[in-house]
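Input: a single structure, listed below in structure tokens.
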Amino acid sequence: MIDVLRRLAAHGFAAALPDLPGAGESLMETADAMLQGWRAAFAAACTQITGPVHICAWRSGVLIDGEVAAASRWYLSPQSGEALVHELARLRHLSGGADVAGNILSDELLASLAGAQPTTAGKLRVVRLDSDTKPADRKLPGRPLWRGSEPETDAAFQKAVAEDIAAWITGFCG
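The numbering of the sequence shown is our numbering, which starts it at 885 and goes up by one.
The structure is reproduced here in structure tokens:
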């Protein structure tokens, strides 16, 4: 995602990737993270942006932007909360523990995620991998990097994503 943001900057777009409570470098423990807290933090971060807000979210990231009055949304392989919770339960089972990749997730968080759905209001573009059978506005060639056991990159895919986002935003704002 960072590479995509850099590529968007090269296209003249300012972009931000907020660090949500209980994730990344947050001082909050992951076990204390809540979906509503993520939504509120994301909405607060968006109020710091001057001009129109265009949201670009991947996978389950689409579950946190619903409180933002965005000019548009661009989703890559959007995932429902139910699908995310199923995937997290599978990962827990495979690891044989109560954590997911070393992170403790509260039952409250998982329950709120289970009913969460992506926002579909307003201008929305859904992009998926060409191997995905679900409907999409566009399909891009690439591998599901989120399925790898180690972080990977795919420069051609990242370039295609950035170019599609730039074209999408420019198409109705330019």
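C-beta atoms are modelled at their ideal positions from N, C-alpha and C, and glycine is treated no differently.
Taking a cut-off of 8 Å on C-beta distances, the region 964-976 does not touch the region 1020-1028, as fewer than three cross pairs fall below it. For Glu913, the closest alpha carbon among the candidates Ile948, Ile933 and Leu989 is that of Leu989. The beta carbon of Arg1022 sits closer than 7 Å to the beta carbons of Val1011 and Asp1048 from its chain, once the five residues preceding and following it are set aside; these are given in chain order. In the displayed model, Ser956 falls within a strand according to three-state DSSP. With a beta-carbon spacing of about 6 Å, Glu966 and Ala998 fall inside the 8 Å limit used to define contacts. According to the DSSP assignment, Val969 belongs to the alpha helix (DSSP H) that extends over Gly965 to Ser979. A Cβ-Cβ separation of about 6 Å places Tyr959 in contact with Pro1002 under the 8 Å criterion. Taking all protein chains shown into account, His970 has fewer than 16 neighbouring C-beta atoms within 10 Å of its C-beta and is therefore exposed. Sixteen is the threshold: since fewer than 16 other Cβ atoms of the shown chains lie within 10 Å of the Cβ of Gln932, the residue is exposed.
Judged by beta-carbon spacing, Arg957 lies within the 9 Å limit of Arg1009, meaning their Cβ atoms are closer than that value. With a threshold of 16 other beta carbon atoms within 10 Å, Ile948 meets it and is buried. In the DSSP annotation of this structure, Arg1009 is not part of any alpha helix (DSSP H); the continuous beta strand (DSSP E) holding it starts and ends at Leu1008 to Leu1013.
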